[in-house]
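In the working numbering, the protein residues as written are 459 to 828. For glycine and all other residues, C-beta sits at the position ideal for the given N, C-alpha and C. Below: one structure, written as C-alpha cells.
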Ligand SMILES: Nc1ncnc2c1ncn2[C@@H]1O[C@H](COP(=O)(O)OP(=O)(O)OP(=O)(O)O)[C@@H](O)[C@H]1O
Ligand SMILES: [Mg+2]
C-alpha cells in the first residue's frame, strides 16, 4: 500500500537533485550543471538556496525563484528562500596566459572560470536564432573585410554541430594541418590572411549531435581557451543556430566584447533573431547590432525592425547574390574574389560600423600590419 503522507527527509543532496531539474530560462541546461547553485542549506523542510547569476534582466531572478520553489515544493519543502547573488568580482576576470593553465576557482561560480584572452583585443560573436540565415557566410565575410581594412583577425568556428567555415574557406583535411605547441595548445591555420580554428578540425567519427549539455560545455571551454592565437585585434566567433548551450558556454569561458545578430528580411527569421539578441543581453554581452542578410530575394526591412525592437544599431543589409552559394561551396570567398561586388562592399560598411562600435579608428588599426 502506498503511504499517503510519507515522512519527508530533505537533505542537501535531495535538494540539489531537484535543482538539477530546473532549466535556466530559455536554455536546455539546468542550474546545477551550469554551476549556478552556490549554496544549499536545509533545516527540516525549510530550504535556502543561493544562486549566482550574472544577468541584468530583472525578470530572470523572479522567474527562476518561482520555478525553484515549484520544484522544491514538489519534493516536500515547505519554505523555500532563494537568494540571488552576483558572482564574486574577485574571481573574474582571471588572468590568462596562452602558455599557462587557466587558474581553477574553488567555488562553483558559473562565471568564475571566464578568462580574458590576453592576446585578443576584442571577441565578437556572430549569432542568429534561426539556422541557415547566413551566419557563417557573414562571420567569414566580416572577418575578411576586417582583414582588408588592415586588422589582424582570427576566426573561431564554434559550430560544433555543423562547422562549415573550413568549406567556405576552402580548407580540406584541416585536422591534418593542425599543429600543437609542446604544452598542447592548438596553433591556428592561416588562410586568406586570417588565423582560423574550427571545431570541424577536431570532430572524429563520433557524432556531436548526441552530446549532452555538460559535454558540449566542456568541449567549448577547452576549445575556446586552448588555442595559441597570435596577437589579434579581433576574434570573430561563428556560433551554431539557436540560443542553446554553446553561446552560454562560450560566454562563460571567455570575455566576449559584443555580438552581431544576423537575420533575414522575412518576419519569421526576425522572431528568432530577436530571441538571439535577448539571449546575448541576458548574458551581459552587448549586441553591437543587427545585419540583414539575403536582402532582395526575400524582401527587405526585417533587420531594421529587429534592431529597433532590440534597441541596438542596424549595421546594414547584405544583398542576396546567387554566386555567393557556389563561391562558398568552392571555398573561394566572395569578399576576396569579387571585391567590387555589392556583396563585398556591404561588408566594408558593416565592418566600419563594428569598428566604430568597438571604439577603434578604421584608418589606424590597433595592430597595424602594413
Ligand atoms: N547574401 C547571400 N546571398 C546568397 N546566398 C547566401 C547569402 N548568404 C548566405 N548564402 C547561402 O546560404 C546558405 C546558408 O548560409 P550559411 O551556411 O552561412 O548559414 P548559417 O546561418 O551559418 O547556417 P547554419 O545555421 O547551418 O550554421 C549557404 O549556401 C550560403 O552560401
Ligand atoms: Mg553556420
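{"Query": "Any heavy atom of ligand 1 closer than 7 Å to the Cβ of residue 790?", "Result": "no"}
{"Query": "Using the Cβ count rule (16 or more neighbours within 10 Å means buried), how would you classify residue 520?", "Result": "exposed"}
{"Query": "If you draw a straight line from the alpha carbon of residue 554 to that of residue 758, how long is it in whole angstroms?", "Result": "At residue 554, the pLDDT of 33 sits below 50, so the modelled position is not reliable; the number obtained from the coordinates is stated separately. Roughly 43 Å between the two C-alpha positions."}
{"Query": "My parser needs the alpha helix (DSSP H) runs of 4 or more residues fully inside the region 682 to 737; what are they?", "Result": "703 to 711"}
{"Query": "Restricting to runs no shorter than 3 residues, where is the beta strand (DSSP E) found entirely within the region 591 to 643?", "Result": "611 to 615"}
{"Query": "Strictly by DSSP, which residues pair up with residue 751?", "Result": "776"}
{"Query": "In three-state terms, what does DSSP make of residue 459?", "Result": "Low local confidence applies: a pLDDT of 46 at residue 459 is under 50, so the model's placement there is unreliable, with the coordinate-based value given in what follows. DSSP places residue 459 in coil when its eight states are reduced to three."}
{"Query": "Would residue 748 and residue 768 qualify as a contact pair, given that the criterion is a beta-carbon distance under 8 Å?", "Result": "yes"}
{"Query": "Starting from the Cα of residue 533, find the closest Cα among 766, 474, 764, 813 and give me that residue.", "Result": "474"}
{"Query": "Compute the distance between the beta-carbons of residue 732 and residue 756, then report whether it is under 8 Å.", "Result": "no"}
{"Query": "On the criterion of 16 or more Cβ atoms from any shown chain inside 10 Å, does residue 537 qualify as buried, or is it exposed?", "Result": "exposed"}
{"Query": "Thinking C-beta only, is residue 540 closer than 8 Å to residue 510?", "Result": "no"}
{"Query": "At a cut-off of 7 Å, would you count residue 506 as near ligand 1, judging by its Cβ distance to the nearest heavy atom?", "Result": "no"}
{"Query": "Below 6 Å CB to CB, which residues in the same chain sit around residue 601 once its five sequence neighbours on both sides are set aside?", "Result": "611, 613, 652, 694"}
{"Query": "Where residue 529 and residue 708 are concerned, what is the direct C-alpha to C-alpha distance, given to the nearest angstrom?", "Result": "28 Å"}
{"Query": "Locate the beta strand (DSSP E) running through residue 496, then write down its first and last residues.", "Result": "495 to 501"}
{"Query": "For ligand 2, is there any heavy atom lying closer than 7 Å to the beta carbon of residue 696?", "Result": "yes"}
{"Query": "Would you decide whether residue 593 is buried or exposed? Buried here means 16 or more other CB atoms lie within 10 Å of its CB.", "Result": "buried"}
{"Query": "Might you give, ordered along the chain, the residues of its own chain that have their beta carbon closer than 6 Å to the beta carbon of residue 628, omitting 5 neighbours on each side?", "Result": "789"}
{"Query": "Assuming residue 586 and residue 480 are in contact, meaning their beta carbons sit under 8 Å apart, how far apart are those beta carbons, in whole angstroms?", "Result": "So it is not a contact: roughly 27 Å between Cβ atoms."}
{"Query": "Measuring alpha carbon to alpha carbon, tell me which residue in 791, 816, 809, 803 is nearest residue 595.", "Result": "791"}
{"Query": "Flag residue 702 as yes when its Cβ comes closer than 7 Å to any non-hydrogen atom of ligand 2, and as no otherwise.", "Result": "no"}
{"Query": "From residue 752 to residue 689, what distance separates their C-alpha atoms?", "Result": "33 Å"}
{"Query": "Going by the C-beta, is residue 593 closer than 7 Å to any heavy atom of ligand 2?", "Result": "yes"}
{"Query": "Name the residue from 705, 711, 501 whose alpha carbon lies nearest to the alpha carbon of residue 679.", "Result": "711"}
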